[in-house]
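Residue numbers (this note's numbering): 494 to 830.
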């Protein structure tokens, strides 16, 4: 067996081993942490930090950072990073608050799950149509795939000139399920004895080659989800469908390119976006607040310790998120580097 095959084997074993050990450790720690949470007051999961003081209306900034994926209940290892349910709660609070005139979604994400992206998209539509709130999207370093999906219905989209956006499309992703180890296992003399109740029950198995009809089935699923993505942009941006499909080949665009292609309305940072909203809503001196996570206790303590040693607790949090993902593949609106 050549060197490349040995390297592939070592990498595969390492990935599976680390994932299994981490999931076991996270389960044990989370179980103990649940006992701590029993006596904790979680009625106020986030707070309002005043960015600009004012007395003529209110603008709320909600941050969307990290992979858009619902990883479930927060654990001490997930004190920092994206919290899907909390983001939805923030939208509920902002849209139901009669003193709020506008919401700015600050986006910095490569995208994520189809369902999670759709839930954020629907919250924006609800805020606009049910509560008559103006919603803007301010794109940061990246607003790709699902990041653009959630931005599409916004009343105004801004981006930095160097923002990476676009990546309009669907990818079948997750864990090691998309990899094929069949030749490697054959060289090692390892036989797969998986028993299934149907020819497609182990579709995308890593221990056998994919059949042509299986690839066609999965492609049909991805194409169906792409149609939904295209419809969201057509409706949100009021663009012709053929024009959107020309842009929806998975490529990424800079902010400048996105502006030229009609995917964003203007260039600027968060402050510029808030200022434009202020002018468009005819607010002379609005109060601008940012909703911030306010989760105390063991989780925050752990995050602080990590930051002392690594300098960036978000990096560890994102790594943990990846390790906690299910090994089974899933369709995602995600830009994969």
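All C-beta atoms, glycine included, are put in the ideal place defined by N, C-alpha and C.
Per DSSP, the beta-bridge partners of residue 658 are 636, 746. DSSP, reduced to helix, strand and coil, places residue 575 outside both helices and strands of the structure shown, so it counts as coil.
The C-alpha of residue 679 lies about 37 Å from the C-alpha of residue 563.
A Cβ-Cβ distance of about 19 Å is found for the pair residue 604 and residue 565, leaving them out of contact under the 8 Å criterion. Residue pairing by DSSP puts residue 780 in a beta bridge opposite 551. Within 10 angstroms of the beta-carbon of residue 543 lie fewer than 16 other beta-carbons, which makes it exposed. Annotation: the continuous alpha helix (DSSP H) that includes residue 681 extends over 675–681.
Fewer than three beta-carbon pairs drawn from the segment 619–634 and the segment 692–712 are found closer than 8 Å, and the two stretches are therefore not classed as touching. It is roughly 13 Å from the alpha-carbon of residue 641 to the alpha-carbon of residue 724. Distance from the CA atom of residue 684 to the CA atom of residue 716, rounded to whole angstroms, is 34 Å. If you draw a straight line from the Cα of residue 692 to the Cα of residue 722, it comes to about 30 Å.
Counting along the chain, the unbroken alpha helix (DSSP H) around residue 766 starts and ends at 763–773. For a cut-off of 8 Å, the C-beta gap from residue 656 to residue 636 is around 6 Å, short enough to register as a contact. Counting C-beta pairs with one atom in each stretch, the segment 591–601 and the segment 762–770 have three or more that are closer than 8 Å, which means they touch. Assignment of residue 652 by DSSP, reduced to helix, strand and coil, places it in the strand class.
Distances from the CA of residue 759 to each of 625, 560, 822, 654 were compared; the closest alpha carbon is that of 654. Ranked by Cα distance from residue 711, the first of 634, 663, 539, 701 is 663. In summary, residue 540 is exposed, with fewer than 16 beta-carbon neighbours lying within 10 Å of its beta-carbon over all protein chains present.
Taking residue 782 as the centre and dropping the five residues before and after it, the same chain places the C-beta of 541, 542, 543, 544, 551, 552, 553, 554 closer than 8 Å to its C-beta, in chain order. With contacts defined by Cβ atoms closer than 8 Å, residue 643 and residue 608 do not form a contacting pair. Non-local C-beta neighbours of residue 556 in its own chain, meaning closer than 6 Å and more than five positions away in sequence, comprise 599, ordered along the chain.
Exposure of residue 591 is indicated by the presence of fewer than 16 other C-beta atoms within 10 angstroms of its C-beta. Inclusion of residue 732 and residue 755 in the CB contact set at 8 Å is warranted, their separation being smaller than that value.
When DSSP reads this structure, residue 738 sits in no beta bridge, so it has no partner. Taking a 10 Å sphere around the C-beta of residue 785, we find fewer than 16 other C-beta atoms and assign the residue as exposed. DSSP, reduced to helix, strand and coil, places residue 755 outside both helices and strands of the structure shown, so it counts as coil. About 38 Å separates the CB atoms of residue 674 and residue 633; that is not less than 8 Å, and the two are not in contact. Between residue 581 and residue 713, the alpha-carbon positions lie close to 30 Å from each other. When secondary structure is reduced to three states using DSSP, residue 729 falls in the helix class.
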